[in-house]
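J.: In this note's numbering, each number is its position in the sequence shown, counted from 1, plus 93.
From the three backbone atoms N, C-alpha and C, an ideal C-beta is built for every residue, glycine too.
Keep in mind it's a predicted model, so treat the numbers as computed, not measured.
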Amino acid sequence: MTQRSKLSFLPESLRRPARTPRRERVAELLREELATLMLREMKDPRVRLASVSRVEVSSDLREARVMISAVGDDAERHRVVSAMRHAEGFLRAQLGNTLESLRSIPHLHFELDESIAYSVHISTVLREIEQEESR
Numbered sequence: 094m095t096q097r098s099k100l101s102f103l104p105e106s107l108r109r110p111a112r113t114p115r116r117e118r119v120a121e122l123l124r125e126e127l128a129t130l131m132l133r134e135m136k137d138p139r140v141r142l143a144s145v146s147r148v149e150v151s152s153d154l155r156e157a158r159v160m161i162s163a164v165g166d167d168a169e170r171h172r173v174v175s176a177m178r179h180a181e182g183f184l185r186a187q188l189g190n191t192l193e194s195l196r197s198i199p200h201l202h203f204e205l206d207e208s209i210a211y212s213v214h215i216s217t218v219l220r221e222i223e224q225e226e227s228r
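(1) If you draw a straight line from the alpha carbon of residue 207 to that of residue 138, how long is it in whole angstroms?
(2) Rounded to whole angstroms, what is the Cα-Cα separation between residue 197 and residue 140?
(3) From the DSSP output, read off the bridge partner residues of residue 201.
(4) Does the beta-carbon distance from residue 158 to residue 149 come in below 9 angstroms?
(5) Would you tell me roughly how many angstroms separate the C-alpha atoms of residue 214 and residue 130, rounded to the nearest one?
(6) Using DSSP's beta-bridge definition, name the partner residues of residue 208.
(7) Could you check if residue 216 is buried or exposed, using at least 16 other CB atoms within 10 Å of its CB as the buried criterion?
(8) Please list the terminal residues of the continuous beta strand (DSSP E) segment that includes residue 147.
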């Protein structure tokens, strides 16, 4: 019985291999470089109020999930992610020029990071509850 079949009953999130130091270094390097490119090289006005909050790299370093945090309403935040997806080729080319230590640049998959919006929502709800209790 192989290791994979022994773990087939576990949810996929628990079957993933542990984060290795190399994967973590590559993810952090990609996060830093993408943030720099967004600030200095991208001309699209939709990405001005956005940042790269987190990058997760696959175990083979061929895919990267890039979490984008953006300011604004839902439509504006989704436009930021759309702009980033549209610029994937440009960003990969720029990363290829700067990250010579990587054999190949991972394919970038941009997703909206909802954690900041969620924390703002929770803070607002808590403030409202506090105000109601003080009355």
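T.: Let me lay it out:
(1) Position 114 of the sequence shown, counted from the start, is the residue given in the question as residue 207. Position 45 of the sequence shown, counted from the start, is the residue given in the question as residue 138. Straight-line Cα distance between these residues: approximately 21 angstroms.
(2) Here residue 197 is taken as the residue at index 104 of the sequence shown, counted from 1. Here residue 140 is taken as the residue at index 47 of the sequence shown, counted from 1. Rounded to the nearest angstrom, the two C-alpha atoms are 25 angstroms apart.
(3) Residue mapping note: residue 201 aligns to position 108 of the sequence shown, counting from 1. Paired residues: 157.
(4) Translated into positions along the sequence shown, residue 158 becomes position 65. Translated into positions along the sequence shown, residue 149 becomes position 56. Yes.
(5) For this step, residue 214 is matched to residue 121 along the sequence shown. For this step, residue 130 is matched to residue 37 along the sequence shown. Looking at the two C-alpha atoms, the distance is approximately 30 angstroms.
(6) What you label residue 208 is simply residue 115 of the sequence shown in a count that begins at 1. DSSP output for residue 208 lists no bridge partner at all.
(7) Along the sequence shown, one-based indexing puts residue 216 at 123. By the neighbour-count rule (16 or more Cβ atoms within 10 Å), residue 216 is not buried but exposed.
(8) The residue labelled residue 147 in the question sits at position 54 within the sequence shown. Counting along the chain, the beta strand (DSSP E) containing residue 147 begins and ends at 143-150.
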